[in-house]
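Asks: Provided herewith is a single structure, encoded as structure tokens, for subsequent inquiry.
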Amino acid sequence: MNSQPDQDPPDASPAPPRGWLRATIVAALAMVFVGAGVGFVGFLSQLRAVEVSPASKADGIVVLTGGSSRVSDAMELLAGGYGKRLLISGVHPTNAASDISRSLPDNQFLLGCCVDLDRSAVNTRSNAAETRRWARERGFKSLIVVTSNYHMPRAIVELSHAMPDVELIPFSVIGDKWRDEPWWTSGATLRLLLSEYAKYVAAEVRVRLADLGLEMSPEFGEQPAGSHKPKAAATAAN
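Residue numbers (the numbering used here): 1 to 238.
And the structure:
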């Protein structure tokens, strides 16, 4: 009886254990969550808790609509001589100057002489594009930026990218809800902050890529305006 020679099985690399793969995925996710948490804390550290008068005057003032009392605070700065003119950026196309005038009875005289309305901007990025056009037309080299405290970091990212040669002086508006209760005790405020943080990170990434010559999307300012209904006398989606 002929005996068959033993045949060695072909070499095969052992499959990595599933436990190792699972640990790698968990570690990667943990790093992402830790990084996001640290970034969120850094974002929160930029938010002012009280309103502070601008440290200096500027050539002009721009207010980005979308939050309560932003426009009225900007008008008070204009009345106080902090800027020569005010741009209200993000006014709904259907709103007239008279609509804003009725909501600001104490400063109606300023609307006729020193206030410009931008009805083209529909978001923060197009706010920056329209503000750049307005500032260049008037030769302004410094601007006081008025918007809500939670919106200010993203607004500064967009505005400084659009106008690197213009000095930006932030004036953060503090809403009543922010004053009345800590943000961590309100689910609605926490969701707002998380949403704004995500938008802020996206804006930072897009701006950095744009600096490298990589545009992620066309200018939002080219999109048709008027798709957002007004929430008040002068509002836009930010």
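Cβ atoms here follow ideal geometry from the backbone N, Cα and C, with glycine treated the same way.
These numbers were taken from a predicted model, which means no experiment stands behind them.
1. Out of A203, I169, V173, S89, which has the shortest C-alpha to C-alpha gap to A55?
2. What residue range does the beta strand (DSSP E) around I156 cover?
3. Using 8 Å as the threshold, is the region 29-43 in touch with the region 72-85, meaning 3 or more CB pairs across them?
4. Count Cβ pairs between the region 172-179 and the region 139-153 that sit closer than 8 Å; are there 3 or more?
5. Relative to the C-alpha of V44, which candidate in A30, L110, R154 has its C-alpha closest?
6. Exposed or buried, which one is F140 when buried takes at least 16 other CB atoms within 10 Å?
7. Look up I169 in the DSSP assignment and say whether it is helix, strand or coil.
8. By the 10 Å Cβ neighbour count, where 16 or more other Cβ atoms means buried, how is E219 classified, buried or exposed?
9. By a C-beta neighbour count over all protein chains shown, 10 Å radius and 16 as the cutoff for buried, is G90 buried or exposed?
10. Identify which residue in L64, L117, E130, R70 has its Cα closest to the Cα of P93.
11. Might you give, ordered along the chain, the residues of its own chain that have their beta carbon closer than 8 Å to the beta carbon of I156, omitting 5 neighbours on each side?
Replies: Reading off the structure:
1. Numbered from 1 along the sequence shown, position 55 holds the residue referred to as residue 55. Ranking A203, I169, V173, S89 by Cα distance to A55 puts I169 first.
2. For the purposes of this step, residue 156 is taken as the residue at position 156 of the sequence shown. That residue, I156, is in no beta strand (DSSP E); its alpha helix (DSSP H) goes 152-162.
3. Result no; under three Cβ-Cβ pairs closer than 8 Å.
4. Because the criterion of three Cβ pairs below 8 Å is met, the region 172-179 and the region 139-153 touch.
5. Locating residue 44 in the sequence shown gives position 44, where the first residue counts as 1. Sequence check: residue 44 is Leu here, not Val. It is R154.
6. Within the sequence shown, numbered from 1, the residue matching residue 140 stands at position 140. So F140 counts as buried.
7. Position 169 of the sequence shown, counted from the start, is the residue given in the question as residue 169. Three-state result, I169: strand.
8. Your numbering for residue 219 matches position 219 in the sequence shown. Low confidence applies here, because E219 scores a pLDDT of 45, under 50, leaving its location unreliable; read the following figure in that light. Exposed is the call here.
9. Against the sequence shown, residue 90 aligns to sequence position 90. With 16 or more other Cβ atoms within 10 Å, it is buried.
10. The sequence position of residue 93 within the sequence shown is 93, counting from 1. Considering only alpha carbons, the answer is L117.
11. To locate residue 156, count along the sequence shown from 1; it is residue 156. The residues are V145, L168, P170.
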